[in-house]
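To start, the structure under review is shown below, and the notes come after it.
Residue numbers (this note's numbering): 5 to 221.
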C-alpha cells in the first residue's frame, strides 16, 4: 500500500490551510505596520523620506509573502516527490521551543517551531506526519512535512533535565545561573543581529504610535 500518497491526498487540505494561515498572519502584521507609517506621515508630516522608503520595503515584503502564499501546490508537490518512492523518515529531537529534525545520511538539522505544529496519524501506523514551520519570520520555504517514529522521539539533554525537574539549583534561582545567563546573552545577540531591520522598524512604529496618541490627545 502506498501510504505516502494516501496521507498526502487525505491531509492536503489541512496542510494548505495551515500554509496559507502562516503567510496571512505575517501579511496582516506588515499591513498594520504600513498603516501606522501612513497615518503618522499623514498626520505629523515628519520623516517623510524615511517613511516612504520603509513603506516601499513593506510593500515589497507584502508582495513577496503573497507570492510565496500562492506557491502551495508547487511546495506540496516537492514534499510528495521527496517521499517517493520511499518515505523519508526523520529523527526528531525535542527541545524547549522547537523540534530538531534530521535524516540519518544528512547531519544538517531543520528547526521546526513548536507553535502550530500538527502531528497527523499516517496510514502506516508506525509513523506520524509532522507538519510545522521554521522559526524565521521571513523564509523562502518555511513549511516542513516530515515522517517520524513517535516512539523514537528523543529529548535534548538540557530540555530533558528541565522537563523532569532535575536541577541542583532551586527553581527560583535557575534563571540566574551562569550557564543560563550566558545562553540568554548569546541568544539575545543572535536575535538582534538576525533581526536588525525588524527591531529598527519596531522601534520606529512604537515611537510613531506614541507621537500619534500625543497629537490626538
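No residue lacks a Cβ here, since even glycine has one placed at the ideal position from N, Cα and C.
Predicted model only: the values in this text are computed from it and were never measured.
query = Buried or exposed: where does residue 186 fall if 16 or more other Cβ atoms within 10 Å of its Cβ makes it buried?
reply = With a pLDDT of 49 at residue 186, under the threshold of 50, the predicted position of this residue should be treated as unreliable, though the coordinate-derived value follows. Exposed is the call here.
inquiry  = Does residue 95 come out as helix, strand or coil in the three-state DSSP assignment?
reply    = strand
ask   = Looking only at C-alpha atoms, which of 46, 117, 102 and 25 sits nearest to residue 70?
value = 25
Helix, strand or coil at residue 34 [DSSP, three-state] = helix
request  = Would you list the residues sitting across from residue 151 in a DSSP beta bridge?
outcome  = 93 and 133
task = Measure the CB-CB distance between residue 48 and residue 219 and report whether it falls below 8 Å.
result = yes
inquiry  = Excluding the 5 residues flanking residue 128 on each side, which residues of the same chain have their C-beta closer than 7 Å to its C-beta?
reply    = 7
query = Applying the criterion that 16 or more other CB atoms from any shown protein chain within 10 Å of the CB defines a buried residue, is residue 151 buried or exposed?
reply = buried
request  = Starting from the C-beta of residue 132, find all residues in its chain whose C-beta is less than 8 Å away, skip the five residues before and the five after it, and write them out in chain order.
outcome  = 123, 124, 125, 126, 151, 152, 153 and 154
ask   = Can the beta-carbon of residue 82 be found less than 8 Å from the beta-carbon of residue 31?
value = no
key: Rounded straight-line distance, which links the Cα of residue 58 to that of residue 107   = 40 Å
Residues of its chain near residue 100, where Cβ-Cβ distance is below 6 Å and the 5 sequence neighbours each way are ignored = 163
query = Between residue 78 and residue 215, what straight-line distance do the alpha-carbon atoms span, to the nearest angstrom?
reply = 44 Å
key: Neighbour-count burial assignment, residue 35, 16 or more Cβ in a 10 Å radius   = exposed
key: residue 11 versus residue 119: straight-line alpha-carbon distance, rounded   = 22 Å
key: Those runs of the beta strand (DSSP E) which lie wholly inside the region 101 to 130 and span at least 3 residues   = 102 to 107, 110 to 117 and 122 to 125
request  = Pick helix, strand or coil for residue 82, following the three-state DSSP scheme.
outcome  = helix
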